[in-house]
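Structure first, commentary second.
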Amino acid sequence: MTRSSSKRNRRHVSDDEGEESAAGPSTSKRARPSPDVSGAVELDPEGDAIFAFKNPDSASDETIKFLVSSKVLSLASPVFCKMFSPQFQEGTRVRNGERPCIDLEEDDPTAMNVILRILHFQSDDISFDLSRAEFASIAVHSDKYDCRRALRGWVRGWWHANEFDAMFDLTSEEVGLTLLAAYMFRFTSLPRLAADAAKHLKPDFLGKWQEHETISLLPETLKVAVHTWLADGVDYVQGRLQAIEGSLLRPGKGYLVPFSWECLHCGKLFEYGDGPADMKCSCGRTVVERYCTTQSRVCDYLNILRLVGLHHSFQPFKTLSILQIAIFVKEISGYRHTHICQGKERCPLVVQLRDLCLEVDHRLDLMNVERFECVGLGSKVTT
Numbered sequence: 001m002t003r004s005s006s007k008r009n010r011r012h013v014s015d016d017e018g019e020e021s022a023a024g025p026s027t028s029k030r031a032r033p034s035p036d037v038s039g040a041v042e043l044d045p046e047g048d049a050i051f052a053f054k055n056p057d058s059a060s061d062e063t064i065k066f067l068v069s070s071k072v073l074s075l076a077s078p079v080f081c082k083m084f085s086p087q088f089q090e091g092t093r094v095r096n097g098e099r100p101c102i103d104l105e106e107d108d109p110t111a112m113n114v115i116l117r118i119l120h121f122q123s124d125d126i127s128f129d130l131s132r133a134e135f136a137s138i139a140v141h142s143d144k145y146d147c148r149r150a151l152r153g154w155v156r157g158w159w160h161a162n163e164f165d166a167m168f169d170l171t172s173e174e175v176g177l178t179l180l181a182a183y184m185f186r187f188t189s190l191p192r193l194a195a196d197a198a199k200h201l202k203p204d205f206l207g208k209w210q211e212h213e214t215i216s217l218l219p220e221t222l223k224v225a226v227h228t229w230l231a232d233g234v235d236y237v238q239g240r241l242q243a244i245e246g247s248l249l250r251p252g253k254g255y256l257v258p259f260s261w262e263c264l265h266c267g268k269l270f271e272y273g274d275g276p277a278d279m280k281c282s283c284g285r286t287v288v289e290r291y292c293t294t295q296s297r298v299c300d301y302l303n304i305l306r307l308v309g310l311h312h313s314f315q316p317f318k319t320l321s322i323l324q325i326a327i328f329v330k331e332i333s334g335y336r337h338t339h340i341c342q343g344k345e346r347c348p349l350v351v352q353l354r355d356l357c358l359e360v361d362h363r364l365d366l367m368n369v370e371r372f373e374c375v376g377l378g379s380k381v382t383t
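Residue numbering for the sequence shown follows the UniProt record's numbering, beginning at 1 and increasing consecutively.
See the structure below:
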């Protein structure tokens with residue numbers, strides 16, 4: 001073949017390529033009809049896929065649609081990357097020039113709206129003001145699609161802006177949703193949060209968590225650890241209060257109660273300026289100086305329990321959190337300041353009430369996080 005002939009052949013191939021290009025792609029790559037995108041939220045005007053979610057506010061089969069970029073989502077999420085790979089129908093259809101509509105009916109459209117907007121850099125209208133339920137839902141879906149890293153900055157912002165680490169005065173459900181979000185986002189502070197939650201939860205929390213569709217996603221090991229610590233704490237305080245009565249029943253030294261008298265016949269007490277001038281009771285018997293004794297200390301202690309509502313049983317403890325029980329304990333312990341005898345700080349009743357408060361406070365302070373380090377954290381986010 002001559003050189004000029006070779007050039008003509010090369011020009012011929014080039015012309016053929018140009019004709020093919022002008023005619024458009026081959027039959028195998030020709031775009032097929034795309035689904036209707038009217039009404040879809042255009043997160044990417046040139047998006048190549050549509051996500052459809054069931055509208056929870058509609059009684060019909062109405063959906064909420066988002067026009068998305070498979071490339072953007074694949075970069076942000078290994079799950080989406082897999083979804084749009086040639087191994088799956090959705091990925092094949094995108095490569096064939098189609099615009100597949102992917103139904104995600106099980107997902108929460110509100111949470112996915114936030115996630116998809118952030119991944120597509122359309123976050124101007126996203127609020128930092130979230131409820132714990134909304135935050136937990138975002139956490140569940142970010143875990144499902146493995147896009148936690150892409151949301152990391154937003155997660156920190158939501159957490160601190162809404163003070164989600166504050167557990168005071170929350171319902172059992174709100175505490176559970178907070179722990180679930182921390183677990184799904186792989187917070188390194190999860191053990192500490194679980195320890196704090198255990199102090200605020202009431203004994204009936206576990207049943208409510210098990211029945212809650214979202215909170216039930218928490219690992220069983222974490223739920224059991226929280227429940228066990230709470231039950232152990234309640235049993236400890238109850239046992240400690242019962243042990244005080246036994247300790248006070250032990251024979252001990254009696255101490256004079258200054259400026260106090262009693263009638264051993266009718267039990268009437270006289271204090272300070274109320275004492276009878278002739279040392280006679282109204283029943284005619286002689287009054288004597290009063291002493292703080294084993295019997296009187298037990299009576300005083302049982303009277304204190306009666307004043308705080310625990311005289312007949314410890315039933316109230318079954319409806320209180322450990323922190324609420326600790327308030328009971330402080331109130332009980334505070335009665336030591338009303339007890340007066342010459343034994344002062346050596347009086348067995350004063351000693352028992354003082355030690356009770358110190359021991360319960362010490363137990364709360366030693367609420368270590370090791371018990372809650374039973375849940376693997378995987379890739380971690382520090383808050």
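C-beta atoms are modelled at their ideal positions from N, C-alpha and C, and glycine is treated no differently.
Since this is a predicted model, take the numbers as computed values, not measurements.
> Does the count of Cβ pairs from the stretch 86-99 and the stretch 108-123 closer than 8 Å reach three?
Replying inline: Result no; under three Cβ-Cβ pairs closer than 8 Å.
>> Less than 7 Å between the C-beta atoms of Gly-176 and Ile-215, yes or no?
In response: The answer is yes: Cβ separation under 7 Å.
> Does the beta-carbon distance from Ala-150 to Ala-195 come in below 7 Å?
Replying inline: Using a Cβ distance threshold of 7 Å, Ala-150 and Ala-195 do not count as a contacting pair.
> Is the Cβ-Cβ distance between Val-68 and Phe-84 less than 7 Å?
Replying inline: No, these two residues do not count as a Cβ contact at 7 Å.
> What is the residue span of the beta strand (DSSP E) that Tyr-255 lies within?
Replying inline: For Tyr-255, the enclosing beta strand (DSSP E) has its first and last residue at 255-262.
> Can you round the beta-carbon distance between Ser-260 and Arg-290 to whole angstroms, since I take them to be within the 8 Å contact cut?
Replying inline: With a beta-carbon spacing of about 4 Å, Ser-260 and Arg-290 fall inside the 8 Å limit used to define contacts.
>> To the nearest angstrom, how far is the alpha carbon of Gly-343 from that of Tyr-255?
In response: Cα to Cα, the separation comes out at about 6 Å.
>> Quick check on the DSSP output: what are the complete beta strand (DSSP E) runs of length 3 or more inside the stretch 197-266, in order along the chain?
In response: Listed in chain order, they are 255-262.
>> Which same chain residues end up closer than 6 Å to Cys-281 when comparing Cβ atoms and leaving out the 5 residues on each side of it in sequence?
In response: Around Cys-281: Cys-263, Lys-268, Val-287.
>> Closest to Val-257 by C-alpha separation, out of Asp-108, Cys-341, Phe-317, Ile-138, would be which residue?
In response: Nearest to Val-257 by C-alpha distance, out of Asp-108, Cys-341, Phe-317, Ile-138, is Cys-341.
> What's the call for Asp-365, buried or exposed, on a 16-neighbour Cβ count within 10 Å?
Replying inline: It is exposed - the Cβ of Asp-365 has fewer than 16 other Cβ atoms within 10 Å.
>> Mapping the DSSP letters down to three states, classify Phe-372 as helix, strand or coil.
In response: Note: Phe-372 maps to helix in three-state DSSP.
> Which residues mark the beginning and the end of the beta strand (DSSP E) in which Leu-269 is found?
Replying inline: For Leu-269, the enclosing beta strand (DSSP E) begins and ends at 269-271.
>> On the CB-based measure, 16 or more other CB atoms within 10 Å of its CB, does Phe-113 come out buried or exposed?
In response: Residue 113 is actually Asn in this sequence, not Phe. Counting C-beta atoms within 10 angstroms of its own C-beta, Asn-113 has 16 or more neighbours from the protein chains shown and is therefore classed as buried.
>> Please state the DSSP three-state secondary structure of Leu-67.
In response: Looking at Leu-67 - three-state DSSP - the assignment turns out to be strand.
> What residue from Lys-144, Arg-132, Phe-168, Cys-81 has the CA that sits closest to Trp-159's CA?
Replying inline: Nearest option by C-alpha distance: Arg-132.
> Just the Cα atoms here: how many angstroms apart are Lys-202 and Arg-354?
Replying inline: If you take the alpha carbons of Lys-202 and Arg-354, they lie about 26 Å apart.
> Does the distance from the C-beta atom of Phe-185 to that of Ala-139 stay below 7 Å?
Replying inline: The Cβ-Cβ distance between Phe-185 and Ala-139 falls below 7 Å.
> Alpha carbon to alpha carbon, how far is Pro-219 from Phe-372?
Replying inline: If you take the alpha carbons of Pro-219 and Phe-372, they lie about 11 Å apart.
> With a Cβ-Cβ cutoff of 7 Å, do Phe-135 and Ala-182 count as a contact?
Replying inline: Not in contact: Phe-135 and Ala-182 (Cβ atoms no closer than 7 Å).
> To which residues does DSSP link Tyr-291 through a beta bridge?
Replying inline: Note: Tyr-291 sits in a beta bridge opposite Leu-256.
>> I need the DSSP call for Ala-326, collapsed to helix, strand or coil.
In response: Here Ala-326 sits in helix by DSSP.
> Which first and last residues belong to the beta strand (DSSP E) in which Asp-103 is found?
Replying inline: Unbroken beta strand (DSSP E) run through Asp-103: 101-103.
>> Tell me which residue opens and which closes the alpha helix (DSSP H) that Ala-182 is part of.
In response: Ala-182: member of the alpha helix (DSSP H) spanning 172-184, first to last residue.
> Assuming Phe-80 and Leu-73 make a contact with CB atoms under 8 Å, what is their CB distance in whole Å?
Replying inline: 4 Å between Cβ atoms; contact.
> Going along the chain, which unbroken runs of the alpha helix (DSSP H) with 4 or more residues stay wholly within the stretch 73-109?
Replying inline: Taken in chain order, the complete alpha helix (DSSP H) segments of 4 residues or longer contained in the stretch 73-109 are 78-83, 89-95.
>> Just to confirm the assignment, what range does the beta strand (DSSP E) spanning Lys-54 have?
In response: Unbroken beta strand (DSSP E) run through Lys-54: 49-54.
>> For the alpha helix (DSSP H) containing Gln-352, name the first residue and the last one.
In response: Boundaries of the alpha helix (DSSP H) harbouring Gln-352: 348-365, taken from the DSSP string.
> Under 7 Å between the Cβ atoms of Ser-321 and His-200?
Replying inline: The answer is yes: Cβ separation under 7 Å.
>> In whole angstroms, give me the CA-to-CA distance for Arg-363 and Ser-58.
In response: Here the C-alpha atom of Arg-363 lies approximately 51 Å from the C-alpha atom of Ser-58.
> Using CA coordinates, which residue listed in Asp-124, Tyr-335, Ile-332, Leu-230 is at the minimum distance from Leu-43?
Replying inline: Nearest C-alpha to Leu-43 among Asp-124, Tyr-335, Ile-332, Leu-230: Asp-124.
> Looking only at its own chain, which residues have a Cβ that is under 7 Å from the Cβ of Ala-40, when we skip the five neighbours before and after it?
Replying inline: If we look at Ala-40 and ignore the five residues flanking it on each side, its Cβ neighbours are Ile-50, Lys-65, Phe-66, Leu-67.
> Which stretch, first to last residue, makes up the alpha helix (DSSP H) that contains Val-308?
Replying inline: For Val-308, no alpha helix (DSSP H) segment is defined, and its DSSP state is neither H nor E.
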